[in-house]
Amino acid sequence: RRPAAFADTITSNHYEARHWANFHQRRFGSTAGAAYELLPDRAAATYPPAVDSQYTGSLCLVSSVIDAMVHGATQGTADVINSVKLWLTDGYSVGTGSSWFEGLIASLLENNYLVTIATDHGHVEALGMGQPQEGVLVETRSKRARLYNNLEFARAVQAQFPETILWENDGLLPAGWQALMPTHRTAFAPAGQRVVSHGGLTIEEMVVPLIVVESG
19 RRPAAFADTI
29 TSNHYEARHW
39 ANFHQRRFGS
49 TAGAAYELLP
59 DRAAATYPPA
69 VDSQYTGSLC
79 LVSSVIDAMV
89 HGATQGTADV
99 INSVKLWLTD
109 GYSVGTGSSW
119 FEGLIASLLE
129 NNYLVTIATD
139 HGHVEALGMG
149 QPQEGVLVET
159 RSKRARLYNN
169 LEFARAVQAQ
179 FPETILWEND
189 GLLPAGWQAL
199 MPTHRTAFAP
209 AGQRVVSHGG
219 LTIEEMVVPL
229 IVVESG
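If you're matching positions, the sequence shown starts at 19 in the working numbering and goes up one per residue.
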């Protein structure tokens, strides 16, 4: 669905469980059987009870492990790649390696789930071009996009940072909202700082994988 459909929650990801239930309602005519779980940061935890529950019909599991690697990268994309490689060998941090997730997928398959793996966005390495100092005038701050609900404020910041695109009034965003995005591979970050972030218009940020896992 378009961002315009989430006008009342566009500045927060705290409503994902509600959105999952709403999707289930639209798709199946009921929220019965819809389960949503935010996976723990530490893989030493047990798997969510909903995995084995007879009442679960569709299950949305969300992990922030890879996202945390991206936002914690200080040496660009190479830093992210090395962190992922280490995670895949269970060496990223005690109890947080990929084997926990592999076991979770195996458990889902044993319970006859069709497992689909996707992500909400990609990421890209970018070079800082400076940071706007507008305080409370901006609704959300990202290195690759800043969200406003006042067009004058958004245009004022764009005047300071002309190497940006102001996205507004096209039916994609909710009415009255604007997104200001750096062009090319630049970011709202200290000038010259190398960052890994998301929210912009590169193909890496917008096109994401969709993987279906079946037992065979």
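Ideal placement from N, C-alpha and C gives every residue a C-beta, glycine not left out.
Q. What are the residues that DSSP puts in a beta bridge with residue 199?
A. To locate residue 199, count along the sequence shown from 1; it is residue 181. Per DSSP, 183.
Q.
Quick test of your reading: residue 159 and residue 205, contact by CB under 8 Å. State the CB separation rounded to the nearest angstrom.
A. Sequence index remark: in the sequence shown, residue 159 carries index 141 (1-based). Sequence index remark: in the sequence shown, residue 205 carries index 187 (1-based). That belief does not hold up - the Cβ atoms of residue 159 and residue 205 are roughly 11 Å apart, past 8 Å.
**Q.** DSSP state of residue 98 mapped onto helix, strand, coil
**A.** To locate residue 98, count along the sequence shown from 1; it is residue 80. In the structure shown, residue 98 sits in a helix (DSSP, three-state: H, G or I).
Q. Going by C-alpha distance, which of 102, 37, 36, 69 is nearest residue 124?
A. Along the sequence shown, one-based indexing puts residue 124 at 106. Ranking the options by Cα distance to residue 124, first place goes to 69.
**Q.** C-alpha gap between residue 230 and residue 136, whole angstroms
**A.** For the purposes of this step, residue 230 is taken as residue 212 along the sequence shown, with counting starting at 1. For the purposes of this step, residue 136 is taken as residue 118 along the sequence shown, with counting starting at 1. Using only the alpha carbons, I get a separation of about 9 Å.
Q. Taking Cβ positions, are residue 196 and residue 186 nearer each other than 8 Å?
A. Within the sequence shown, residue 196 is the residue found at index 178, counting from 1. Within the sequence shown, residue 186 is the residue found at index 168, counting from 1. Yes.
Q. In the DSSP assignment, what are the bridge partners of residue 220?
A. Indexing the sequence shown from 1 puts residue 220 at position 202. Per DSSP, none; premise fails for residue 220.
Q. Residue 106 and residue 79: beta carbons closer than 8 Å?
A. Sequence index remark: in the sequence shown, residue 106 carries index 88 (1-based). Sequence index remark: in the sequence shown, residue 79 carries index 61 (1-based). In this structure, residue 79 does not lie closer than 8 Å to residue 106 by Cβ.
Q: If I'm right that residue 212 touches residue 143 with Cβ under 8 Å, what's the distance once you round it to whole angstroms?
A: Here residue 212 corresponds to residue number 194 of the sequence shown, with the count starting at 1. Here residue 143 corresponds to residue number 125 of the sequence shown, with the count starting at 1. 7 Å between Cβ atoms; contact.
Q: Let me know the alpha helix (DSSP H) ranges lying completely inside the region 23 to 103, each 4 residues or longer, listed in chain order.
A: 34 to 46, 83 to 90
Q. Residue 102 to residue 86, Cα distance in whole Å?
A. Taking the sequence shown and counting its residues from 1, the one referred to as residue 102 is at position 84. Taking the sequence shown and counting its residues from 1, the one referred to as residue 86 is at position 68. Roughly 11 Å separates the two Cα atoms.
Q. So, is residue 73 buried or exposed, given that buried needs 16 or more other C-beta atoms within 10 angstroms?
A. Start at 1 with the first residue of the sequence shown, and residue 73 comes out as number 55. By the neighbour-count rule (16 or more Cβ atoms within 10 Å), residue 73 is not buried but exposed.
Q. Short check: CB of residue 214 to CB of residue 140, under 8 Å?
A. What you label residue 214 is simply residue 196 of the sequence shown in a count that begins at 1. What you label residue 140 is simply residue 122 of the sequence shown in a count that begins at 1. For residue 214 and residue 140, no; Cβs fall outside 8 Å.
Q.
Suppose the cutoff is 7 Å on Cβ atoms and the five residues either side in sequence are ignored; what does the same chain contact list for residue 25 look like?
A. Within the sequence shown, numbered from 1, the residue matching residue 25 stands at position 7. Answer for residue 25: 192, listed in chain order.
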